[in-house]
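Colleague: Starting off with a structure, shown below.
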Amino acid sequence: MSTGQLLWVCGTDETVAVSSDNGAHWQVKHQKVDGALLLNIDFADSKFGYATGTGGLILATVDGGETWVPHSGTSETILQASFADLQHGLVRTPTSLLFTVDGGLHWTAVSVGQNEEDIKHFPYTFSLVALDGVHMAAMLKEGAAQYESQAFVFTQDSGKSWNLLNIPNVTLYSFLRSEARYWAVGTEVIHKDQPGGGYAVPVALYSSDGQKWNHSTSDLSGCKLEMCTVCNTRGCFSSNGVISRVFLEKPTYSAFPATKELTTKWASTDFTVCFVGSNLYCAALKELAQAPSSAGSPVPTVVAPGPLGAPIPQGPRCIVCGVDRIFIDKKAQGAYTIKLVLGVGKNGTVTSVEAQGAPTPEVKRRIEQQTQQWIFEPYLKDGAPINVKLNTTVSVNVIKPR
């Protein structure tokens, strides 16, 4: 993530590092050998930031990242997190969606009361936003992928009550906080009453409370070709190679070389964009006078953690394990089940992967690249983490381009 012109990254050995020169050099601000694996890092403002990960660890900073201090967390790995300040936050663990209003001393499950049965239709937590000490919300999905139908669960009274909201005719790909508002970006179906049943156009919605949503009047033409996805406060990917800053009153656009290293975990300054996968990759940004007029390469699909209420599997447990379900390839078409042979290190990261049964070398490469980014709960034997080998499968569909 980025704060102004600073880039922040977290990862193994409880490491938090920062770059002030567009990713050329990194300074470690916190590290603990054999410590937790940090999965998320963010800042609510220029001073308060947080990082969360395995073992329920929460690190917080109140001095702009100079020092990071452990705070009360949960007993489970924190898959997703959003904090408005040191006291108020929302987290997703493998089993629960929880919030705190006292800095983690107590955690309470999000409950929508009489709508509890309705919320079961949306078991995937796609994104969390703690807007301030009063307002918190989560975008939930019917399935794990970004194109699934969604609903919002939100509070306007610091968690005393929660409400469920469906916004009709939209499919939302990103939900985040920007400029003290909730923002959601995706597509909206318009003219449904016309012959052909209408069509989808880009949409950006904002709200101050989670209940009432307004359409942004900003120019979203840059999102028309590939749609804007994988958004953060610096903008959205409108293709592999273009960032569209749709949260500005007058959107701007930046280009970077399209790359196979692109992932859904990214951050940028005014001059550089960086992606985190099996490695850290950074590229220079070039300002564009206008949005591109032709479609670029596709952007990776965001995949939510496993569903709430799912049974905890035995053996090594993957906590971040997304793979695109649809691949475009000129040389193959059809449904395929791919066997994966994985090596998982003591810290839960994938050390080796072999995809067996892929229809083409390119599909094999892409599946292995995405699987290399998987993260597992460190597997313990006699109380100590160990390296493990794992066999599993993924099902994908391959289609030929038009």
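Numbering (our numbering), first residue to last: 1127 to 1528.
Ideal Cβ placement from N, Cα and C applies to all residues, glycine included.
Give me, in chain order, the residues of the same chain whose beta-carbon lies closer than 6 angstroms to that of G1179; leave out the 5 immediate sequence neighbours on both sides.
Modeller: So the qualifying residues of the chain are A1162, L1163, L1164 and L1165.
Colleague: How far does the alpha helix (DSSP H) with I1493 in it extend, from its first residue to its last?
Modeller: Residues P1487 to T1497.
Colleague: Taking only runs of the beta strand (DSSP E) that begin and end inside the region 1145 to 1199, which ones reach a length of at least 3 residues, in chain order?
Modeller: Counting only runs of 3 or more, we get 1153 to 1156, 1164 to 1169, 1175 to 1179, 1184 to 1187 and 1195 to 1197.
Colleague: Report all residues from its chain with a CB closer than 8 angstroms to the CB of N1517; omit the five preceding and five following residues, and keep chain order.
Modeller: Correct list, in chain order: K1465, L1466, V1467 and L1468.
Colleague: Given a threshold of 16 other Cβ atoms within 10 Å of its Cβ, counted over all protein chains shown, does V1308 qualify as buried or as exposed?
Modeller: Before going further, note that residue 1308 is Tyr rather than Val in the sequence given. Flag for Y1308 reads buried.
Colleague: Scan the region 1374 to 1421 and note each continuous beta strand (DSSP E) run of 3 residues or more that stays entirely inside, going in chain order.
Modeller: Whole beta strand (DSSP E) segments, 3+ residues: 1378 to 1381, 1392 to 1394, 1398 to 1402, 1406 to 1410 and 1412 to 1414.
Colleague: According to DSSP, P1328 sits in a beta bridge with which residue or residues?
Modeller: For P1328, which the question treats as bridged, DSSP gives the partners T1313.
Colleague: According to DSSP, is E1140 helix, strand or coil?
Modeller: It is helical.
Colleague: Using DSSP with H/G/I as helix, E/B as strand and the rest coil, what is G1269?
Modeller: Of the three classes helix, strand and coil, the one that applies to G1269 here is coil, per DSSP.
Colleague: Count Cβ pairs between the region 1242 to 1255 and the region 1298 to 1305 that sit closer than 8 angstroms; are there 3 or more?
Modeller: Short answer: they touch.
Colleague: Among R1443, N1473 and A1461, which one has its Cα closest to the Cα of K1552?
Modeller: Outside the modelled stretch of the chain, which goes from 1127 to 1528, sits residue 1552, for which no answer is possible.
Colleague: Could you check where the alpha helix (DSSP H) with I1245 kicks off and where it finishes?
Modeller: Segment E1242 to I1245, the alpha helix (DSSP H) holding I1245.
Colleague: Quick test of the definition: if touching needs 3 or more C-beta pairs under 8 angstroms, does the region 1431 to 1449 touch the region 1372 to 1381?
Modeller: Output reads no: the region 1372 to 1381 does not touch the region 1431 to 1449.
Colleague: Can the beta-carbon of N1473 be found less than 8 angstroms from the beta-carbon of P1433?
Modeller: Taking 8 angstroms as the Cβ cut-off, N1473 and P1433 do not qualify as a contacting pair.
Colleague: Please determine, among S1334, V1238, L1231 and S1333, the residue with the shortest C-alpha to C-alpha distance to S1287.
Modeller: Per the Cα distances, V1238.
Colleague: Between the C-alpha atoms of W1233 and A1417, what's the straight-line distance to the nearest angstrom?
Modeller: Answer to the nearest angstrom: the Cα atoms are 45 angstroms apart.
Colleague: Which class does G1460 belong to by DSSP, given the choice of helix, strand or coil?
Modeller: Note: G1460 maps to strand in three-state DSSP.
Colleague: In angstroms, rounded to a whole number, what distance separates the CA positions of F1373 and S1333?
Modeller: So the two alpha carbons sit approximately 13 angstroms from each other.
Colleague: Can you tell me which of the three DSSP states C1349 falls into?
Modeller: Residue state, collapsed to three classes: helix.
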